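2 protein chains.
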Amino acid sequence: MGIKLGILGLGTVGTGTVQLLQDHVGRHPLLQLVEIYRVGVKSIDKPRGVTLPKEVMTTDLEAIVNDPEVDIIVELIGGLEPARELILKAIQNGKHVVTANKAVISRFGTEIFTTANQNRVYVMLEASVGGGIPVIQPLKQSLSVNRIHTVTGIVNGTTNYILTRMQTEGSSFESVLADAQRLGYAEADPTADVDGADAADKISILASLAFGGRINREEVNCEGIRQVSKTDITYADKLGFVIKLLAIAEKISSSFLSVRVHPTLVPKAHPLANINGVYNAILVEGDPLGQVMFFGPGAGAGATASAVSSDILNLIARLQYQQADDAPIDPLLGCSHQDYCQIAPISQLTTRFYARFLTKDQPGVIGKLGTCFGEYGVSLESVVQTGFQDELAEIVVVTHDVKEGDVKQALEEIRTFEAIDSIPSLLRVL
Amino acid sequence: MGIKLGILGLGTVGTGTVQLLQDHVGRHPLLQLVEIYRVGVKSIDKPRGVTLPKEVMTTDLEAIVNDPEVDIIVELIGGLEPARELILKAIQNGKHVVTANKAVISRFGTEIFTTANQNRVYVMLEASVGGGIPVIQPLKQSLSVNRIHTVTGIVNGTTNYILTRMQTEGSSFESVLADAQRLGYAEADPTADVDGADAADKISILASLAFGGRINREEVNCEGIRQVSKTDITYADKLGFVIKLLAIAEKISSSFLSVRVHPTLVPKAHPLANINGVYNAILVEGDPLGQVMFFGPGAGAGATASAVSSDILNLIARLQYQQADDAPIDPLLGCSHQDYCQIAPISQLTTRFYARFLTKDQPGVIGKLGTCFGEYGVSLESVVQTGFQDELAEIVVVTHDVKEGDVKQALEEIRTFEAIDSIPSLLRVL
């Protein structure tokens with residue numbers, strides 16, 4: 001008596017998943033119960049890295065989610081539609097769902113999980129964040145006995161690859177991006193990665209699990225890495241930092257979270273500073289645990305197939321173990337958040353800042369900067385005149401912990417100073 | 431209707447666990463179902479960091495495991511006896527068990543899990559390895575869809591603290607150990623830590639979960655860090671390595687594992703090379719996943735309490751969810767290994783070696799070393815005459831991957847050379 005899978009999509013991850021499931025020797029014995037019953041694709045005739053019986057393949061994805069024989073739908077087509085609609089239909093048909101789709105979960109999670117709970121089925125999403133790193137399940141289960149303070153992640157491999165190469169080679173964003181596209185580490189349209197949307201989807205999901213409430217994806221502050229220059233990477237290095245695109249969810253008061261994605265100066269001794277290339281890492285801080293970090297491949301066929309299959313394994317165990325049809329939802333596998341977390345606007349964030357100014361080489365410029373920052377309550381940790389670019393002096397400022405709103409106001413005024421040519425960079429510091 | 435806990439032991443971890451459970455706001459809501467029903471201690475009158483009603487405390491531990499009201503026994507007394515006997519009695523009385531006791535599980539796991547399966551109860555052990563790092567559950571569940579090749583861990587905080595300080599300060603083992611004892615990072619009797627037995631207990635447990643079979647703890651090869659000198663740390667540094675006490679479980683053929691603990695030269699770019707101080711990390715490599723690493727506090731009241739409580743949480747969910755008394759054991763929470771893994775003798779290990787020789791300063795010594803190694807099939811990666819100690823020349827050799835037995839035989843012969851004064855160090859290289 002097998003557990004019948006309907007797999008939607010046979011791209012990289014779908015192929016990796018089928019390969020894993022077809023070759024089960026040496027893996028958890030429960031996987032032997034899996035039957036790859038239907039696989040939905042766009043084009044049947046396309047050559048694939050796996051061999052499947054003809055009758056398994058179909059282009060009719062809707063027929064799969066409506067097939068009463070199917071126990072579990074594995075959604076690997078990505079994107080918002082038709083993924084959302086197929087997932088909802090599968091749930092309404094009483095099927096459990098495994099998905100790797102961070103975009104659909106972060107945007108339509110409320111609708112999806114509400115429908116799942118009404119239909120007493122599970123929607124599993126280990127593969128949606130961190131590729132092969134088991135982080136969703138620990139957040140839902142082991143770590144949830146803690147009061148979580150912060151989840152900080154390097155959750156987008158493409159941008160981490162680009163920043164790592166900019167760091168080690170001293171290259172510009174544009175040249176590394178072009179090379180990454182050539183090598184297949186970045187998409188032809190790199191927007192979702194380099195502008196931070198992918199990381200924002202993922203931190204929405206992690207925040208929801210860590211803080212036990214729904215997250216309105218629209219409220220997540222999101223800045224990408226296009227504005228990170230090799231000049232800033234060099235200055236950061238001299239000051240003892242590396243620049244990483246961090247996705248951060250942080251409890252900033254009893255009722256407010258800060259959820260955000262932005263390039264960040266990370267102290268070199270910080271555990272996330274050494275995560276390089278396409279690797280991902282997620283650091284969770286809580287009470288009484290302290291810090292734990294999960295590190296691993298954030299993407300790729302094998303890693304993602306591992307995460308997808310681990311969700312399938314959990315469902316098989318549940319289906320085997322669950323004797324009665326009316327058994328309650330396992331509270332550690334389900335997702336029953338009712339309320340939305342309140343997310344503070346970014347202006348209320350308290351953090352350190354790094355700012356770089358190009359100024360006319362006049363006496364007293366540093367004094368004027370310091371005075372203006374002071375008037376807005378922004379206290380400075382260091383001010384360094386670092387050199388010259390063309391005719392202009394370059395001044396780098398690192399603040400103490402200050403309110404983002406205050407920094408922005410001070411900068412607005414500073415921008416009007418006659419001596420200020422431009423403010424090419426404003427970055428947050430961990 | 432609470433779930434009644436009987437906690438055995440109220441030392442550091444017991445106190446941390448009671449503190450966590452008594453203060454459940456902001457944690458997983460299921461923890462509210464916990465009732466701390468009995469706590470067994472040696473001395474009732476000892477001052478404690480927690481307040482408990484008088485009737486909860488008792489010195490009669492056996493009465494707790496025999497009390498029909500108790501649902502879950504939390505064993506935190508450590509050591510072999512009476513821990514083993516109390517755990518077995520609790521199981522026979524139909525109680526689930528949570529334990530942080532790596533010694534008793536690694537030595538008596540077979541007896542304990544067999545009894546647990548007969549009595550349809552769970553024995554949970556997240557806290558036994560890696561303190562607050564969730565690693566037991568991922569190995570049992572998510573990661574088990576992979577074919578695991580290797581589990582490599584820094585799983586003993588005391589020795590990692592000592593080696594880190596030797597590395598950064600250039601101090602000797604003895605002086606750092608004495609300081610660590612003064613600071614409470616090492617026990618008055620440091621044997622179990624510095625001689626590797628604690629790490630060997632832990633890798634036995636990890637190996638059993640990763641490779642799905644029982645491990646005979648006696649077969650685990652175990653070397654500690656007493657013989658690691660500051661001279662070797664300095665040479666390793668120059669060669670691009672740091673020295674770490676690694677616990678390794680590795681599949682070396684279709685039917686054999688290598689399970690061992692020894693100080694190891696780790697390349698500085700390796701993820702484990704940067705794990706410093708009392709932190710632990712466990713690196714798991716498998717197919718198709720690749721590498722994932724778990725990092726966090728390996729000990730301490732809060733971290734360990736987090737792991738203990740996560741096991742309690744899992745049991746509460748199971749007890750809530752399980753409707754029928756005759757429900758089968760959840761295959762992802764239970765432990766049903768039947769067979770022992772075959773462990774290869776250390777002489778069959780294939781790895782790289784680092785050896786340091788003190789020789790009389792005669793011409794041709796390096797040639798003689800190289801020739802003798804060659805005769806035993808040991809090929810060398812590098813041979814460096816590094817300097818002089820007193821009247822003796824110091825020669826450091828790093829081999830390619832070779833059989834341990836061959837190296838040992840070659841060294842036996844080399845030891846007889848007239849020019850060889852001594853071979854102060856032989857270390858494995860990752």
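As you go down the protein sequences, you meet chains A and B in turn.
The numbering of the first sequence is this note's numbering, which starts it at 1 and goes up by one.
The numbering of the second sequence is this note's numbering, which starts it at 431 and goes up by one.
Backbone N, C-alpha and C fix where the C-beta goes; we use that ideal spot for every residue, glycine too.
The model shown is predicted, which means the values in this text are computed figures rather than measured ones.
In the three-state scheme derived from DSSP, where H, G and I count as helix and E and B as strand, B/S688 is classed as strand.
Interface criterion met: the Cβ of A/F294 is under 9 angstroms from a Cβ in chain B. Counting only residues of its own chain and dropping the five nearest sequence neighbours on each side, A/I3 has a CB closer than 7 angstroms to the CB of L33, V34, E35, D71, I72, I316, L319. Look at the stretch 615–653 of chain B and you find these whole runs of alpha helix (DSSP H), each 4 residues long or longer: 621–624, 627–641.
For the pair B/R690 and B/I776, the CB atoms are nearer than the 9 angstroms cut-off. When CB distances to chain A are screened at a threshold of 7 angstroms, the residues of the stretch 538–566 of chain B falling below it are E556, G562, I563, P564, in chain order.
Cβ neighbours of A/S382 within its own chain (closer than 6 angstroms, five residues either side excluded): V398. A straight-line Cα-Cα distance of about 10 angstroms links B/I825 and B/I853. In the displayed model, A/G300 falls within coil according to three-state DSSP, outside both helix and strand. Distance from the Cα of A/L5 is smallest, within the candidate group A/K368, A/G302, A/I312, for A/I312.
Per DSSP, A/S175 is one residue of the alpha helix (DSSP H) stretching across 173–183. B/G560 and B/G726 have their C-alpha atoms some 8 angstroms from each other. Here B/C765 is near B/F543, since their CB atoms are less than 9 angstroms apart. Residue pairing for A/A355: DSSP places it in a beta bridge opposite A/V397, A/L426. A/V308 and A/E126 have their C-alpha atoms spaced approximately 7 angstroms apart.
Within 10 angstroms of the beta-carbon of B/L613 lie fewer than 16 other beta-carbons, which makes it exposed. If you draw a straight line from the Cα of B/A679 to the Cα of B/T447, it is about 30 angstroms long. Rounded to the nearest whole angstrom, the C-alpha separation of B/D662 and B/G600 is 11 angstroms. Residues are counted here when their Cβ sits less than 7 angstroms from a Cβ of chain A; for the stretch 697–713 of chain B these are P701, N704, given in chain order.
At a beta-carbon threshold of 7 angstroms, the residues of chain A lying near B/S739 are V145, ordered along the chain. Secondary structure of A/R147 (DSSP, three-state): strand.
The stretch 527–535 of chain B and the stretch 713–720 of chain B do not touch, with fewer than 3 CB-CB distances between them shorter than 8 angstroms. Residues of chain A with a Cβ closer than 8 angstroms to the Cβ of B/R457 are, in chain order, S144, V145, N146, R147. Per DSSP, the continuous beta strand (DSSP E) segment holding B/T816 begins and ends at 810–819. In the structure shown, B/E492 falls within a helical segment according to DSSP collapsed to helix, strand and coil.
Taking 4 residues as the minimum length, the alpha helix (DSSP H) runs contained wholly in the stretch 57–112 of chain A are 61–66, 83–92, in order along the chain. B/L460 places its beta carbon less than 9 angstroms from that of A/P331. Just so you know, the alpha carbons of A/G9 and B/G804 end up roughly 55 angstroms apart.
Against B/D760, the close residues of chain A are A317, Y321, in the order they occur along the chain (beta-carbon pairs closer than 7 angstroms). The continuous beta strand (DSSP E) containing A/Y279 extends over residues 279–287. As computed with DSSP, A/M124 is found in a beta bridge with A/V98. Only buried fits B/D623, as 16 or more other CB atoms lie within 10 angstroms of its CB. For A/L5, the beta-bridge partners assigned by DSSP are A/I36, A/I72.
Going by DSSP, A/E250 is part of the beta strand (DSSP E) stretching over 241–251. Beta-bridge analysis with DSSP links A/Y340 to A/R214. DSSP, read as helix, strand or coil, puts B/Q721 in strand.
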